[in-house]
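For reference, the structure is listed below as structure tokens.
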Amino acid sequence: SAEDRKGSNQWREFFWNPRTHELLGRTATSWGLILLFYLFFYLFLAGMFALTMYIMLLTLDDYKPTWQDRLETPGMMIRPKGDQLEISFSVSDTESWDGFVSNLNNFLSPYNDSFQVQTNDNCPPDQYFIQEDSGEVRNNPKRSCQFNRTTLEDCSGLLDRFYGYSRGQPCILIKLNRVIGMLPGKDRQSPYVTCGAKREDSDKIGPVVYFPPNGTFNLMYYPYYGKKAQVNYTQPLVAVKFLNASLNTDINIECKINSNTLEAGSERDKFAGRVSFKLRINEK
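Next up, the structure:
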């Protein structure tokens, strides 16, 4: 119809008008100017972004965070990694615990004495290993203290390659999360770990033994200077061995750090300086 033809002609003319040489209602000059404007506008924005990023990167230090907004007390974690902090196995069923054993073997391989002797220092215990920079001169890479696998004794996997799981006396390793610059004790007193059952399970946990003795994270492993500055840093561990825990029942256990400088976890943060897990040892 005439109406349709008129409409399509109007559209065609809007797209390209041969009389005025306008494309989509603009001449070539007009298009050129608007594209030029947007080119400079976006280049300016990109430049502003690059400049602010550059200035921010100048304030960063490769070796330590410029700003540390952290809790006063770091969290703790256990090994072997169970399903949702649950270590459950059956003594006679090797398949139920061989995953835990291989997890501990992998985790402890960097702690082998031969490797530690080659890469780390034999430090004097019960005092901080301070390695400050002198002004702008960086004291990097920083040295680290040896943590030898043998200090875990019965839980080292060397005397008993099944870490007690084959006997129903499992070893559980505890580590304190790394925090750059943290000093976890004063007056030569190292922080130490204690583990206990939650109230309703207190008669089920039985005797426990700690390695190193007293379950200490020795002061010589602190302060930590960061992954880049302290390349071979070996995190101290505490092993807890359950000698006679009740069988065929869930035991809810909490381990916590005891220190004369770190605050115990508050109601606000129940995970500061502590870890809770469930232990279940089954036997027919």
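In this note's numbering, the protein residues as written are 4 to 287.
C-beta: ideal position from N, C-alpha, C; glycine also.
C-beta atoms of residue i and residue j nearer than 8 angstroms
{"i": "L107", "j": "R82", "result": "yes"}
{"i": "S171", "j": "E286", "result": "The sequence shown places Gly at residue 171, rather than the Ser named in the question. Result yes, Cβ atoms of G171 and E286 sit closer than 8 angstroms."}
{"i": "V212", "j": "K189", "result": "no"}
{"i": "N123", "j": "T237", "result": "yes"}
{"i": "I183", "j": "K67", "result": "yes"}
{"i": "T62", "j": "T55", "result": "no"}
{"i": "M288", "j": "I256", "result": "Coverage of the chain is limited to positions 4 through 287, which leaves residue 288 absent and any answer about it impossible."}
{"i": "C258", "j": "V196", "result": "yes"}
Bridge-paired residues (DSSP) for residue i
{"i": "V94", "result": "According to DSSP, which records beta bridges pairwise, V94 is partnered with nothing at all."}
{"i": "R3", "result": "With the chain covering only 4 through 287, there is no way to say anything about residue 3."}
{"i": "R277", "result": "K259"}
{"i": "R170", "result": "Answer is none; R170 lacks a bridge partner."}
{"i": "K9", "result": "DSSP, once it has assigned bridges, lists no residue as partnering K9."}
{"i": "A242", "result": "L176, F214"}
{"i": "S137", "result": "V140"}
Residue i burial status per 10 Å Cβ neighbour count (16 or more: buried)
{"i": "I208", "result": "buried"}
{"i": "N263", "result": "exposed"}
{"i": "V140", "result": "exposed"}
{"i": "I37", "result": "exposed"}
{"i": "S33", "result": "exposed"}
{"i": "W14", "result": "exposed"}
{"i": "I90", "result": "buried"}
{"i": "V120", "result": "exposed"}
{"i": "W2", "result": "No statement about residue 2 is possible, as the shown extent of the chain runs from 4 to 287 and does not include it."}
{"i": "G160", "result": "buried"}
{"i": "A31", "result": "exposed"}
{"i": "I177", "result": "buried"}
{"i": "Y41", "result": "exposed"}
Residue ranges of each beta strand (DSSP E) within the region 50–87, 3 or longer: As far as the region 50–87 is concerned, its whole beta strand (DSSP E) runs of at least 3 residues are 79–82.
Return the chain-ordered ranges of every alpha helix (DSSP H) run that is complete within the region 180–229 and spans a minimum of 4 residues. For the region 180–229, not a single whole alpha helix (DSSP H) run of length 4 or above is found.
Between the region 113–124 and the region 172–183, do three or more beta carbon pairs fall short of 8 angstroms? They do not touch, by the three-pair rule.
Three or more C-beta pairs below 8 angstroms linking the region 124–135 and the region 217–228: With three or more CB-CB distances shorter than 8 angstroms, the region 124–135 counts as touching the region 217–228.
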